[in-house]
Amino acid sequence: MANQEEFFKKVVAHAKEYGFIFPSSEIYDGLAAVYDYGQLGVELKNNIKQYWWKAMVQMHDNIVGLDSAIFMHPRIWKASGHVDAFNDPLIDNRDSKKRYRADVLIEDHIAKIEDKIKKEVDKAHKRFGEAFDREQFVSTNARVVEYQKQIDDIRNRYAECMNANDLAGLKQMILDLEIVCPVSGTRNWTDVRQFNLMFATKMGSVIDDSDTLYLRPETAQGIFVNFLNVQKSGRMKVPFGIAQIGKAFRNEIVARQFIFRMREFEQMEMQFFVRPGTELEWFKYWKDERLKWHLSMGMPAEKYRYHDHEKLAHYANAATDIEFEFPFGFKELEGIHSRTNFDLGRHSEFSGKKLQYFDSELNESYTPYVVETSIGVDRTVLAVFSHALHDETLEDGSTRTVLSLPAKLAPYKVAVLPLVKKDGMPEMAHDIVERLRPQMMVQYDEKDAIGRRYRRQDAIGTPLCITVDSDSTNDNSVTVRHRDTMQQERVSIDNLQGYISANI
Ligand code: ATP
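Residue numbers for the sequence shown follow this note's numbering, beginning at 126 and rising by one.
Dropping the structure here:
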């Protein structure tokens, strides 16, 4: 755990030092759980958004994009259920005066038991070596079975409390599980209360209740209220999807995990409209597709897992999370929800407009069902960034810090470095930069010794460094160095573009 904490601190420090992520309003001592993306962070974030947009919109005939306003009619949040039910259960510790989400305290308790299982499995794995059968061990080892039973019992009891909105029951669980405040170490808890997460603001100059607006806590509602506009103007046929990337705002109770839980963040959401009765098939389809998308970025499968929900939101008939192993353990990265016809139905009811689709094949009108995929941009940045960052000890005993970002996401694809600042090398290097610039992000760097410049590019994740040396002006070739292997190859300038495309 201490190691994990150390590593997480390193992630935060590295992100700041190299211009990826800064605390918001830092010169005014910051604003809790709000962050700014720096010159490299914005590139990484844009690359992730583009990669998602391409996969979801560009690669599908039947998915189109949307960019709806953040301000929306206040009745939308009544209709969606957010005014009445977008709450988190909060609890305070009287000694430390710290506030927690009751569900997070319980999840963290479960994570500790999961840790114990992992330790048993690792121990057995070492003992049995190659012959180790994980499945069999987990289902038969008495200790592991007992731990798993504890987890299942907690989850069931938690689901029962949440489904019945039993806040006293939730508190009793925290007491029974002997959960202590991580700061004070005591069990001196207040009662559990519900807390609405939406930010309210006022529009116009008349101060009365009717002009209270909410900053959207999700982008999805902008899609639902435009369902008919898009369907009719785009002549869309069910099944079809509408995708949107945009800011969302939540007044999170506990926000101390860097960009994992922010009060202002960005979502990439896609609502897929389907025939009633087919939604669970589509749910399964998108569950598979979305995991494939994560892996296609070049991330390893063992970092991901599904977590099916025991407690379903008021609108859902099936839901799962794709969890990622962040530096602080497995946590939700993306949600996939079968939202039934709840949203369109409610907006029909509240707006008085019929939000239906005429299915010419069935010759009938219906309110489509919806399967949603919803992923946080910032959590994806954190997943990719923290997975990429590592230290390496080299053969000569020195160390280097490398950010092994997937090449397609790296802020700069290439750095061009003249070996020294003379003999025509800078001019030639500038010439290469100008040639590559229209196709990709390129950085020119001539400051410091070449070794230090390589390290700098390693630390910001640039996959390739191109070095112009004294031979280059004669043989019209350059040395290309690969970030991860540190191998170098001589490449003719005429073939450079092709070489780069094949390697990023
Ligand atoms: P959590 O349980 O972690 O609060 P959630 O279940 O409320 O998340 P959803 O409402 O399903 O999250 O939102 C979809 C996605 O939006 C999440 O999977 C996550 O990636 C992202 N997200 C939600 N809240 C935040 C936040 N406060 N900061 C950053 N990203 C967030």
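Glycine residues also receive a C-beta, built at the ideal position from the N, C-alpha and C atoms.
Query	Result
Cα-Cα separation, Ala256 to Arg360	57 Å
Nearest-angstrom Cβ-Cβ length linking Ala368 and Met181, presumed shorter than 8 Å	5 Å
Spatial neighbours of Glu435 in its chain, beta-carbon cut-off 8 Å, leaving aside the 5 residues before and after	Arg280, Asn281, Tyr283 and Ala284
Helix, strand or coil at Cys286 according to DSSP, with G and I counted as helix	helix
Gln612 - DSSP class collapsed to helix/strand/coil	coil
Distance CB(Lys538)-CB(Ile629) smaller than 8 Å	yes
Beta-carbon gap between Arg430 and Phe453 smaller than 8 Å	no
Where Val308 falls, given that 16 or more other Cβ within 10 Å makes a residue buried	exposed
Given Thr598 as reference, the closest of Arg606, Glu391, Ala158 and Ile618 once Cα atoms are compared	Ile618
Leu589 versus Ala540: straight-line alpha-carbon distance, rounded	7 Å
Straight-line gap, Leu458 to Glu497 (C-alpha atoms, nearest Å)	14 Å
Neighbour-count burial assignment, Thr445, 16 or more Cβ in a 10 Å radius	buried
Residue from Arg578, Leu544 and Asn620 with nearest C-alpha to Leu561	Asn620
Sequence-distant residues of the same chain with beta carbon closer than 8 Å to Leu230, five excluded per side	Ile216, Ile299 and Ile304
Any 3 or more C-beta pairs closer than 8 Å across the region 469 to 481 and the region 496 to 514	no
Supposed contact pair Glu245 and Arg268 - C-beta distance, whole angstroms, cut 8 Å	6 Å
Nearest to Asp161 (by Cα), restricted to the options Trp177, Ala236 and Lys141	Lys141
Limits of the unbroken beta strand (DSSP E) element including Gly586	Here Gly586 belongs to no beta strand (DSSP E), and DSSP marks it neither H nor E.
Per DSSP, cross-strand counterpart(s) of Ser602	Ser617
Cβ-heavy atom distance, Phe390 to ligand 1, below 7 Å	yes
Classification of Val545 by the beta-carbon crowding that lies within 10 angstroms, buried from 16 upward	exposed
CA-to-CA distance, Ala574 to Glu520, given in whole angstroms	20 Å
Alpha carbon of Arg224 to alpha carbon of Gly206, nearest angstrom	25 Å
Pairwise C-alpha distance: Ile235 and Asn266	19 Å
Paired residues, beta bridge with Phe374 - DSSP	Glu389
Cβ pair Asn313, Arg226 closer than 8 Å	no
Beta-carbon proximity list for Trp202, same chain, < 6 Å, skipping 5 on both sides	Val208 and Tyr339
Anticipated Cβ contact below 8 Å, Asp548 with Ser595, distance rounded	6 Å
Residue from Asn466, His439, Arg464 and Lys417 with nearest C-alpha to Ile447	Lys417
Cβ-based neighbour list, Thr691, same chain, cut-off 8 Å, excluding 5 preceding and 5 following	No answer is possible for residue 691: it lies beyond the span of the chain, which begins at 126 and ends at 629.
Residue from Leu420, Asn376 and Glu394 with nearest C-alpha to Ala157	Asn376
Residue environment, His419, which counts as buried when at least 16 other CB atoms sit within 10 Å	buried
Segment limits, beta strand (DSSP E) that includes Arg318	Arg318 to Asn321
Chain-order list of residues whose beta-carbon lies under 6 Å from that of Glu130 (same chain, five-residue window excluded)	none
Distance cut-off 7 Å: Asp316 Cβ against heavy atoms of ligand 1	no
Same chain, Cβ closer than 8 Å to Ala249, neighbours up to 5 away in sequence not counted	Phe257, Phe262 and Asn266
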